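In this note's numbering, the protein residues as written are 24 to 964. The C-beta atom is built at its ideal place from N, Cα and C for all residues, glycine as well. Everything numeric in this text was worked out from a predicted model, so none of it was measured.
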Amino acid sequence: MKKVLCTVLLCASMIVFAQKGTVSGNINDNSQIALPGAKITLSPGNIFTVSDEHGNFVFLNVPSGNYTLNVDYLGYGQKEIQILVDSDKNTKQNIVFTRKEQLISEVKIKGIALQNQARALNKQKSNANITNVISADQMGKFPDANIGDALKRVPGITMQNDQGEARNIIIRGLAPELNSVTLNGNRIPSAEGDNRNVQMDLIPSDMIQIVEVNKTLTSDMDADAIGGSVDLITRTAATKERISISTASGYNPIRSKALFADSFVYSNRFAEGKLGLVLNGSYNNNDYGSDNVEGVWAKDDAGNIYMEEMDIRKYDVKRERKSIGTDLDFKFNDKNNIRISALYNWRDDWENRYRLRFKDIEPIYSDASETNISGFNAVLNRETKGGINNKLNDARRLERQIMQNYSILGNHVIGSKLEMDWGASYSKAEEQRPEERYISYEAETADNGENIRLGSNFSTKKPMFTLQNQVGLDQYAFDGLSQQNGLTYEEEITGRLNFRVPFSIIENQKGRLRFGGKARLKFKKRENDFFSYEPTGNFMDHLGQADLVNWNGRFNPNSSYAPGFFASNTYLGNQNLNSSSFEGSSEPSEFLSENYSANEKIYAGYLRWDQNFTDQLSMIVGVRVENTQIDYTGNVVEDEENLTGSRSIESQYTNWLPSIAFKYTPAKDLVVRAAYSTALARPGYFKISPYVNILPNDREVSAGNPDLKASYAHNYDVMGEYYFKSVGILSLGGFYKKINNFIYDYRDQSFNRDKFAQMFPGVENTLENGQNYTLVLPQNGESVQVYGFEAAVQRQLDFLPGFLSHFGVYLNYTYTKSKAKGVYNADGDLRTNVMLPGTAPHMFNSSLSWENKKITARLSLNHAAAYLDEFGSTDFEDRYYDKQTFLDANVSFAVTSFMRIFAEANNLTNQPLRYYQGEKNRTMQMEYYMPRFTLGLKFDF
24 MKKVLCTVLL CASMIVFAQK GTVSGNINDN SQIALPGAKI TLSPGNIFTV SDEHGNFVFL
84 NVPSGNYTLN VDYLGYGQKE IQILVDSDKN TKQNIVFTRK EQLISEVKIK GIALQNQARA
144 LNKQKSNANI TNVISADQMG KFPDANIGDA LKRVPGITMQ NDQGEARNII IRGLAPELNS
204 VTLNGNRIPS AEGDNRNVQM DLIPSDMIQI VEVNKTLTSD MDADAIGGSV DLITRTAATK
264 ERISISTASG YNPIRSKALF ADSFVYSNRF AEGKLGLVLN GSYNNNDYGS DNVEGVWAKD
324 DAGNIYMEEM DIRKYDVKRE RKSIGTDLDF KFNDKNNIRI SALYNWRDDW ENRYRLRFKD
384 IEPIYSDASE TNISGFNAVL NRETKGGINN KLNDARRLER QIMQNYSILG NHVIGSKLEM
444 DWGASYSKAE EQRPEERYIS YEAETADNGE NIRLGSNFST KKPMFTLQNQ VGLDQYAFDG
504 LSQQNGLTYE EEITGRLNFR VPFSIIENQK GRLRFGGKAR LKFKKRENDF FSYEPTGNFM
564 DHLGQADLVN WNGRFNPNSS YAPGFFASNT YLGNQNLNSS SFEGSSEPSE FLSENYSANE
624 KIYAGYLRWD QNFTDQLSMI VGVRVENTQI DYTGNVVEDE ENLTGSRSIE SQYTNWLPSI
684 AFKYTPAKDL VVRAAYSTAL ARPGYFKISP YVNILPNDRE VSAGNPDLKA SYAHNYDVMG
744 EYYFKSVGIL SLGGFYKKIN NFIYDYRDQS FNRDKFAQMF PGVENTLENG QNYTLVLPQN
804 GESVQVYGFE AAVQRQLDFL PGFLSHFGVY LNYTYTKSKA KGVYNADGDL RTNVMLPGTA
864 PHMFNSSLSW ENKKITARLS LNHAAAYLDE FGSTDFEDRY YDKQTFLDAN VSFAVTSFMR
924 IFAEANNLTN QPLRYYQGEK NRTMQMEYYM PRFTLGLKFD F
């Protein structure tokens with residue numbers, strides 16, 4: 024990193040400062056809200072710049088003289104201002120657009136939502152790379168509580184859900200670990216223990232000002248984003264005082280419980296506009312749950328396919344999300360400013376789970392050849408999941424996720440030719456699971472002493488087992504009681520330094536040279552424990568002795584799945600496990616192999632050159648180099664519980680990442696982009712952790728793979744966009760990606776002692792001679808190709824007469840296909856015609872809106888087709904994420920100029936989360952959440 028910084032500073036020191044001037048300012052509308060993405064041109068000459076997300080702009084190296092400053096802003100019209108530029112001075116010129124209908128010459132903006140949409144589309148239009156931009160107010164048009172739910176409406180994006188909310192992002196069919204999420208340009212650490220995924224349901228949508236989805240990268244951007252990068256830009260101060268308050272309540276039919284949501288924003292400028300302040304907060308309390316059925320499918324020698332295990336699960340969940348943020352910016356003068364930001368997100372999930380499990384299922388055959396199944400024998404297990412009954416846990420499992428980010432940024436114009444920006448940030452994400460408890464009871468025989476018999480119906484997507492004999496509560500014997508603690512945290516310290524200077528090889532055409540460096544220092548650790556308890560008396564011998572809850576009646580998908588009796592959560596939570604009534608012991612098999620620590624250092628430097636060839640054609644070419652240094656420590660575990668030592672691995676690797684992009688504007692509102700870029704995806708933390716876990720009784724060995732290579736991608740993109748003056752867009756684009764060294768789980772069923780000695784030379788070899796074991800090890804596949812296209816239209820139908828002119832449409836469709844090479848099955852055979860997990864072939868969004876000055880109404884649909892989610896050992900065991908279709912509606916009414924009432928309805932289709940195994944009728948999971956309804960008020964002053 025020292026070499027990179029020295030090179031950067033040397034380049035800066037070599038800049039020759041000529042006697043030329045600069046021009047800077049801010050652009051906003053007459054409500055003093057910033058207008059980002061405005062193209063501002065000085066004439067004569069092709070001298071232009073683009074306003075940033077705060078509306079600020081600066082021209083470097085401007086020869087002295089008289090100029091006409093021209094601005095053309097989509098949805099607002101044009102503006103011309105005469106200015107005089109003096110040598111070695113800065114000319115300050117602020118620009119204010121009116122948004123009153125009668126003063127806009129080119130288009131009438133008929134509602135607040137269109138003004139917000141105009142700002143987002145202008146930024147998208149002016150960006151150098153292929154992006155989608157969403158403003159905070161545009162997100163407010165949809166009934167989305169978190170950033171993930173808002174992002175699923177962007178072309179090419181689908182989300183994986185957890186407890187009814189969007190959590191993990193898939194961009195253009197690429198899995199979450201191949202994408203990145205940043206906050207103000209810096210990576211957000213992950214609160215989960217075994218991957219790099221950012222939990223999008225952790226961040227409320229009302230804490231963010233702009234969301235920018237970068238589908239192609241330039242060399243000044245972090246390279247670890249093969250699918251794309253989502254940058255969340257926090258709120259900054261407006262140019263006048265602004266107060267916004269929202270309060271809402273609602274109803275969750277799934278558990279007949281209420282929800283509450285509140286938010287506020289305060290923004291103002293002080294000290295004659297030099298000091299800006301934003302303070303915002305958000306609170307969401309959602310008491311709901313889910314009804315869930317899960318199963319695992321098997322095939323016997325005769326080809327019969329049946330469920331060998333099935334769960335019916337009832338979840339009661341209370342999710343409380345709290346967030347507070349602040350932003351301070353100070354303008355020392357026209358050429359120097361700093362910005363300090365802080366964001367703290369806190370999400371608590373209190374959960375109880377009641378699980379009925381049909382296990383050890385064995386077919387009963389009606390013939391000697393064992394070809395016809397007449398029924399099944401099974402064991403039944405009833406488990407309650409909760410936590411200690413104290414003030415913090417409240418007899419529930421508490422999962423607390425915290426994400427915090429603190430940053431300081433500076434921007435400086437030095438002389439007339441050099442612009443510098445710098446930044447430093449600290450981020451931390453953590454997940455705490457204190458005193459989590461489980462209690463289970465198990466029945467092996469029916470009341471009559473015979474095996475528990477099951478009938479079945481596997482003919483539909485809703486598989487069902489029915490009891491053929493009676494199983495009373497006294498048949499359920501005590502099976503287990505445990506308490507565990509989990510802690511995972513990740514920290515990241517980031518520093519960056521960037522420079523921009525004029526550099527053009529074509530006379531009278533703009534050229535810019537950017538160069539800089541960045542350092543990212545990361546540390547991650549997982550520390551779990553697990554204790555099991557045995558009662559010393561007979562007070563827990565069977566389920567009938569416990570305090571019970573009975574979950575009968577309404578249940579999704581129908582009441583036949585109602586799971587029945589369980590030990591109550593308070594019965595579990597009130598047990599004093601430290602008393603003489605219990606004997607406790609640590610269970611290393613449950614946590615030793617999962618615990619690890621990781622240090623990672625990433626040093627990067629880049630060079631980027633922007634060059635205009637004509638007024639219509641420009642180019643960006645650049646190269647980025649990233650050096651990654653890792654130091655990981657994992658545990659070596661034998662027979663699940665014997666810690667035989669730890670294993671540390673240190674290594675480093677360097678990636679060179681070139682890119683080139685072209686932007687062609689043949690007409691004022693038509694933009695064509697083409698790009699080639701390279702990107703990488705580093706292995707997940709746990710996959711690269713050097714742990715080894717040996718299970719001699721099961722003849723299994725699992726391990727991390729410190730030799731995993733980062734996946735490296737070559738990306739080709741083209742996109743055409745036509746922008747409507749009535750604030751809309753029509754776009755069509757295609758993409759192709761070739762990803763080398765993609766990562767998947769490899770299985771070797773003929774793993775033996777010799778192979779172990781060769782693969783793990785520094786680890787004690789306890790495998791028996793002459794015996795075969797199954798090895799599970801993450802490996803690099805050869806390559807994968809991903810290609811497809813996306814199309815979108817967003818248009819106000821203002822060409823229609825009268826009432827119809829208030830309608831607007833929002834449509835987008837994405838097609839994705841992938842082909843993977845180098846994937847092997849459990850027998851070591853190469854699999855053919857397999858896709859990359861996460862590649863949804865079809866994604867579709869549509870929305871129909873109606874808006875005037877008083878009323879805004881919208882009906883929105885989101886659809887994603889089924890896709891492969893995870894490789895199994897064979898194609899029979901492959902897991903698929905089923906298709907999903909969500910229908911949402913919302914309406915708002917402006918009671919006064921500062922108060923609006925709104926109503927929202929989510930998931931009107933009662934779309935379940937559904938996985939299937941191999942084929943669509945083999946349901947692995949179907950989890951239902953039911954709709955959600957909200958009513959609220961919003962005040963803007």
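Option nearest residue i by Cα separation, candidates the options
| i | options | result |
| --- | --- | --- |
| Asn113 | Phe82, Met182, Gly495 | Phe82 |
| Gly208 | Pro935, Pro178, Ile256 | Ile256 |
| Arg818 | Phe355, Lys760, Ala248, Ser754 | Ser754 |
| Ile752 | Ser267, Met922, Lys148 | Lys148 |
| Phe812 | Lys842, Tyr769, His865 | His865 |
| Gly895 | Tyr767, Asn428, Gly657, Gly607 | Tyr767 |
| Ile328 | Asp963, Phe962, Arg955, Arg945 | Arg945 |
| Asn416 | Ile425, Lys341, Arg537 | Lys341 |
| Ile268 | Gly250, Pro276, Val288 | Val288 |
| Tyr739 | Glu723, Gln907, Val809 | Val809 |
| Lys761 | Leu510, Lys842, Ser669, Phe867 | Lys842 |
Three-state secondary structure assigned by DSSP to residue i
| i | result |
| --- | --- |
| Phe562 | coil |
| Arg219 | coil |
| Tyr708 | helix |
| Gly472 | coil |
| Asp185 | strand |
| Phe779 | helix |
| Asn356 | strand |
| Arg543 | strand |
| Thr637 | coil |
| Gln948 | strand |
| Gly757 | strand |
| Val130 | Interpretation of Val130 is limited by its pLDDT of 39, a score under 50 that renders its predicted location unreliable; the figure taken from the coordinates is listed afterwards. Reduced to three states, the DSSP call for Val130 is coil. |
| Asp692 | coil |
| Glu200 | helix |
| Asp109 | coil |
Nearest-angstrom Cβ-Cβ length linking residue i and residue j, presumed shorter than 8 Å
| i | j | result |
| --- | --- | --- |
| Ser158 | Ala143 | 4 Å |
| Asp470 | Gly567 | Not a contact, Cβ separation roughly 12 Å. |
| Thr121 | Asp52 | 7 Å |
| Asp821 | Ser749 | 5 Å |
| Phe867 | Tyr904 | Not a contact, Cβ separation roughly 16 Å. |
Sub-8 Å separation of residue i and residue j beta-carbons
| i | j | result |
| --- | --- | --- |
| Ala726 | Ala704 | no |
| Ala856 | Gln802 | One point to set straight first is that residue 856 is Asn, not Ala, in the sequence displayed. Going by C-beta atoms, Asn856 is not nearer than 8 Å to Gln802. |
| Gln652 | Lys624 | yes |
| Gln186 | Ser313 | yes |
| Ala248 | Ala702 | yes |
| Gln507 | Phe562 | no |
| Phe909 | Gln934 | yes |
| His77 | Ala61 | no |
| Thr239 | Ala698 | yes |
| Arg696 | Ile277 | no |
is_contact[residue i, chain B] using C-beta, thresh 8 Å
| i | result |
| --- | --- |
| Ile762 | As a matter of chain content, chain B is missing from the structure shown, which is built from one protein chain. |
contact_flag[the stretch 412-422, the stretch 457-466] where n(CB pairs < 8 Å) is 3 or more: yes
Any 3 or more C-beta pairs closer than 8 Å across the stretch 293-304 and the stretch 326-335: no
Segment contact flag, the stretch 676-684 with the stretch 637-657, C-beta cutoff 8 Å, min 3 pairs: yes
contact_flag[the stretch 506-525, the stretch 539-547] where n(CB pairs < 8 Å) is 3 or more: yes
The stretch 174-182 contacting the stretch 210-222, beta-carbon criterion three pairs below 8 Å: no
Given 8 Å, three or more beta-carbon pairs between the stretch 843-852 and the stretch 777-795: no
The stretch 819-830 / the stretch 872-891 touching (three or more Cβ pairs under 8 Å): yes
Cβ pair count under 8 Å reaching 3, the stretch 441-450 against the stretch 488-496: no
Three CB pairs or more closer than 8 Å across the stretch 399-409 and the stretch 467-481: yes
Three-pair Cβ contact test at 8 Å for the stretch 340-356 versus the stretch 581-599: no
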